[in-house]
Amino acid sequence: MADITAAAVKAFRERTGLPMMDCKKALTEAGGDEDKAVELLRKKGQALADKRSDRETAFGRFGLYIGTDKKVGAMVELLCESAPVTTNEQFIQLAADLAEQYATGPGAANADELLAQDSPSQPGTTLATQKEDMFNRIREVFKVGRMIRVESTCGGYMHHAGTTAGVLVEIEGGNDDAAKDVSMHIAAMRPESLSKDSIDPAVVASEREVLLEAALAEGKPQNIAEKMVDGRMQKFYAERCLLEQPFVKDDKQSVGEYAKANGMTVKNYWHWVIGEKIDA
286 MADITAAAVK AFRERTGLPM MDCKKALTEA GGDEDKAVEL LRKKGQALAD
336 KRSDRETAFG RFGLYIGTDK KVGAMVELLC ESAPVTTNEQ FIQLAADLAE
386 QYATGPGAAN ADELLAQDSP SQPGTTLATQ KEDMFNRIRE VFKVGRMIRV
436 ESTCGGYMHH AGTTAGVLVE IEGGNDDAAK DVSMHIAAMR PESLSKDSID
486 PAVVASEREV LLEAALAEGK PQNIAEKMVD GRMQKFYAER CLLEQPFVKD
536 DKQSVGEYAK ANGMTVKNYW HWVIGEKIDA
């Protein structure tokens, strides 16, 4: 059996970030071979992770890949078991790496396909291995949740540093600051749709009918009642449609007007809250 010195254990601990006893045991089993010890730890860590896979992952953060200097954007949800882990540097880096690789790599049909690809921040290491190494250090279950990749220029915003909500906005023109402002508005006001045209026509027709009946019940003539409905529908749209909503930083203009003033067209958006089971 190889003689495992205290200096060897200390050096291995600095490499892995694991407890001293775990490092000594792994080195002993590997006969002092650090690389072999790392593989042993990964296998044991994966076995433990599999046992804990049914644990709830109600916390997390979003990784964003955005910028008006880029032709593609992405947002990826990375989940964990506890709130403190969401501020861990390794966790933050993995979320960012997932988004960058999803945007700039060959694409992926699911989380497993993405994790099998190389890490942008650790060349020669897969994202799965990066995730496994983090589990061995932190001992929490990590899961990749929702993923969106947009073949277009995107802006975005991460509410509370991405630990509660993330917004990705598909844009044309504009600048990063304007795109972020619109994304922050989305996080705050939670619009239901992009524009008037994107609301279900049946919902619009139903609302108009209700408003018309109310106006007629007030004793208004048909032509006056219909004009009243037109005015009241503007409020309906302003409550639900992003481009019609009063801009949170300046309610004297709509979001659409703010975007136009910055030479920007908002084409689509995605607003996700950590742990939600459905797309938002």
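Heads up: take any position in the sequence shown, counting from 1, add 285, and you land on my numbering.
Note that the Cβ used here is the ideal one computed from N, Cα and C, for glycine as well.
None of the values given here were measured: they were computed from a predicted structure.
DSSP places A450 in the uninterrupted beta strand (DSSP E) bounded by 450 to 458. Spanning the alpha carbons of K309 and V323 requires a straight line of approximately 12 Å. Per DSSP, reduced to three states, the secondary structure at V370 is helical.
Just so you know, the alpha carbons of L349 and A292 end up roughly 40 Å apart.
A distance below 8 Å separates the beta carbons of I456 and T438. Collapsing the DSSP output to three states places K537 in a strand.
Excluding residues up to 5 positions away in sequence, P476, E477, S478, I484 lie with their Cβ nearer than 7 Å to the Cβ of R525 in the same chain. Nearest to M549 by C-alpha distance, out of T448, A463, D515, S539, is A463. Here the C-alpha atom of V533 lies approximately 25 Å from the C-alpha atom of A359.
Excluding residues up to 5 positions away in sequence, L349, I351, G358, M360, G451, V452, L453, V454, A464, K465, S468 lie with their Cβ nearer than 8 Å to the Cβ of G441 in the same chain. The three-state reading of DSSP puts F532 in strand, counting E and B together. Ranked by how close their Cα comes to the Cα of I471, the residues A388, N553, T372 have N553 in first place. Only residues of its own chain outside the window of five on either side were considered, and among them K321, A322, L325 have a CB closer than 7 Å to the CB of A315, listed in chain order.
Minimum Cα-Cα distance from V495 among the listed residues F521, D482, H444 corresponds to F521. Fully enclosed alpha helix (DSSP H) runs of no fewer than 4 residues occupy 291 to 301, 305 to 314 of the region 286 to 322, in order along the chain. Within the same chain, and ignoring the five residues on either side of E385 in sequence, the residues whose Cβ sits closer than 7 Å to its Cβ are Y350, P405.
Three or more Cβ pairs closer than 8 Å define a contact, and the region 534 to 548 falls short of that threshold against the region 496 to 505.
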